[in-house]
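S.K.: Structure in structure tokens, see below.
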Amino acid sequence: MVSFLEICRRAATGPIVAPDDFDMQRLVPNLQRVIAQHGLKAPPKDVVIPWDDDLADRIFLAAKDFLVETGVYCPDTNRVITFTRDELEEAIHFAPRECWLGEGKERRAMRPRRPEDPQIPWCHVGGGIPVSSDEIASAVVEGYARIPHADSMSIPALTQIRGLTVQAGAPSEIFAAIHSVRLGRESMRRAGRPGLPIINLLSTSASPMGVLAVTNSDHGLRASDGWLIVSLTEFKLDYNVLNKTAAILAFGGNVGFAAGAIYGGFAGGVIGSAVINAAYIIAAPLIVRSTYHLLYSLHINQSNSTARELLTSVALGCQAVSRNLPFPYFDLGYAAAGTCTRQLYDETAARIIADVASGANIETVHPAKGILMDNYSPMEMRFACEVAHAAAGVSRRDANEMVKELLARYGPHLENAPEGKRFQDCFNLDTLEPDPEHYDIYAEAKEHMRKLGLKLR
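Following the working numbering, the numbering of the sequence shown begins with 538 at its first residue and continues without gaps.
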């Protein structure tokens with residue numbers, strides 16, 4: 538199997554291509570070519586969650602062809618990292634079939650699923666959304682850890698440390714990286730779950746120095762946590778990414794590749810985005826030696842992943858992989874609506890049902906496109922996990938009907954979605970319980986899902 542050192546060698550010695558030429562003369566034409574070669578067409582408009590196994594399998598084949606013909610671009614060297622079909626097939630054959638995460642009683646394996654699989658999905662809880670203070674960060678992570686369905690955690694992104702704004706590349710980034718992990722670990726300890734794995738390392742720091750700063754168990758990090766390597770879109774890995782990968786592999790950590798298509802960009806529409814999403818997951822074990830993958834796909838204009846076309850393209854990409862590659866991955870959705878709004882719960886349910894029925898594990902949906910300070914809470918995260926557990930075994934046809942009904946409710950409001958409330962405005966920070974309004978929204982959303990046929994407890 539191609540070593541990571543060989544990947545780095547090819548980043549320095551591969552074919553020289555100008556940045557725009559990689560996008561417009563290599564990536565886009567190759568994507569269009571494989572779509573035509575495999576006769577790929579989007580499902581009818583009344584189908585949001587497809588159930589066409591033949592289409593899913595052809596998307597998988599197209600994704601493999603695309604990878605071999607296109608490769609991965611390194612902007613720092615203007616070179617293309619290429620690999621042969623045999624090298625890709627070998628990586629697929631030897632891709633990890635499970636990823637062990639966590640410590641003690643929280644240690645467990647993230648495993649692949651298949652479409653309509655009755656196996657309960659892995660539920661990754663939280664998000665790297667910015668927080669305004671240590672108090673909020675600690676409270677929200679403790680609230681997440683109290684969710685019994687949670688298999689792993691994300692810790693928030695600190696924006697300041699003792700009044701000093703966190704800046705990329707500055708010493709404040711290093712201090713904040715270390716501090717964020719310590720806060721997260723202590724919060725999980727208070728919840729009685731100190732062994733929960735943190736697998737979004739590291740949202741507070743994007744630099745290799747930040748990663749190196751926390752590869753020390755005294756800071757609360759462990760090899761049994763998960764370390765995210767985030768790709769540049771589409772199919773670009775710079776030295777920043779490669780350097781972080783080198784450090785994590787040397788440390789012995791679980792590398793998680795984080796990448797997804799930008800719908801409406803170079804990936805194109807429903808089918809193009811589905812091929813790109815599948816290709817990212819297929820490529821993960823080969824290019825960064827990952828043991829799991831985080832898929833996220835966003836709309837280029839709306840910056841969410843709950844629009845109708847996003848639900849379809851992600852479902853197709855997930856089904857393509859889940860039917861043909863037993864490799865652990867989970868999907869992250871971004872909602873337009875913010876915390877403590879009814880619309881957020883509808884968007885969350887649609888995204889989670891689509892994922893689970895298509896064979897994916899899940900990350901809880903990010904409110905308000907994941908960009909508003911303090912705009913998230915454990916309440917909608919718990920709801921996401923409950924929906925995920927209840928959706929295990931649901932057929933894609935039934936999932937399609939559920940999601941269509943939910944879309945009819947929230948679809949017209951995606952472009953002017955309510956921002957909702959901050960965590961501290963809808964939760965009691967002392968008891969970590971939701972206020973009555975938020976609890977009522979949660980209870981109403983659960984009851985609505987029961988009426989749609991989902992067997993929620």
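By construction, the Cβ of each residue, glycine as well, lies at the ideal position given by its N, Cα and C atoms.
Owing to the predicted nature of the structure, the values given are computational and were not obtained by experimental measurement.
Per DSSP, what kind of secondary structure is leucine 616 in: helix, strand or coil?
M.R.: Here residue 616 turns out to be arginine, not leucine, going by the sequence shown. Arginine 616 falls in the strand class under three-state DSSP.
S.K.: Do arginine 888 and threonine 843 count as a contact pair if the criterion is CB distance below 7 Å?
M.R.: yes
S.K.: Output the distance between the C-alpha atoms of leucine 943 and aspartate 557, rounded to the nearest integer angstrom.
M.R.: 40 Å
S.K.: Please state whether the Cβ-Cβ distance between proline 904 and threonine 876 is less than 7 Å.
M.R.: yes
S.K.: Per DSSP, histidine 830 forms a beta bridge with which residues?
M.R.: Phe794, Tyr866
S.K.: Thinking just about the alpha-carbon of each residue, which of Ile692, Leu720, His686, Ser724 is nearest to the one in proline 667?
M.R.: Among Ile692, Leu720, His686, Ser724, the Cα nearest to that of proline 667 is on Ile692.
S.K.: For the candidate residues Pro587, Leu779, Ile596, Glu771, whose alpha-carbon lies nearest to that of alanine 549?
M.R.: For alanine 549, the nearest C-alpha among the options comes from Leu779.
S.K.: Check whether the Cβ atoms of serine 859 and arginine 651 lie closer than 7 Å to each other.
M.R.: yes
S.K.: Is the beta carbon of lysine 906 sitting closer than 7 Å to the one on asparagine 841?
M.R.: A contact, by the Cβ cut-off of 7 Å.
S.K.: Contact between the segment 602–617 and the segment 795–802: three or more CB pairs below 8 Å?
M.R.: no
S.K.: Nearest-angstrom Cα distance between threonine 752 and phenylalanine 788?
M.R.: Each residue's alpha carbon lies about 7 Å from the other.
S.K.: Rounded to whole angstroms, what is the Cα-Cα separation between arginine 645 and asparagine 937?
M.R.: Distance between the alpha carbons of arginine 645 and asparagine 937: 31 Å.
S.K.: Which partner residues does histidine 836 have in the DSSP bridge list?
M.R.: Tyr800
S.K.: Can you tell which of Gly990, Tyr882, Arg719 has the C-alpha that lies nearest to the C-alpha of aspartate 671?
M.R.: Among Gly990, Tyr882, Arg719, the Cα nearest to that of aspartate 671 is on Arg719.
S.K.: Closest by CA to isoleucine 819, which one among Arg759, Pro649, Phe864, Pro655?
M.R.: Phe864
S.K.: Compare the Cα-Cα distances from proline 552 to each of Pro566, His985, Cys611 and report the closest residue.
M.R.: Cys611
S.K.: Where are the alpha helix (DSSP H) runs, 4 residues long or more, that stay fully inside the segment 565–605, in chain order?
M.R.: 565–574
S.K.: Let me confirm a value: isoleucine 890 is counted as buried when at least 16 other C-beta atoms fall within 10 Å, else exposed. Which label applies?
M.R.: buried
S.K.: State the Cα-Cα distance for the pair leucine 749 and glutamate 884, rounded to the nearest angstrom.
M.R.: 37 Å
S.K.: Please go through the same chain and pick out, in chain order, the residues whose beta-carbon is closer than 6 Å to the beta-carbon of aspartate 482, but skip the five residues on each side of it.
M.R.: The structure shown has nothing for residue 482, since the chain only spans 538 to 994.
S.K.: Give me the DSSP bridge partner(s) of leucine 738.
M.R.: Answer by DSSP bridge pairing, in chain order: Trp764.
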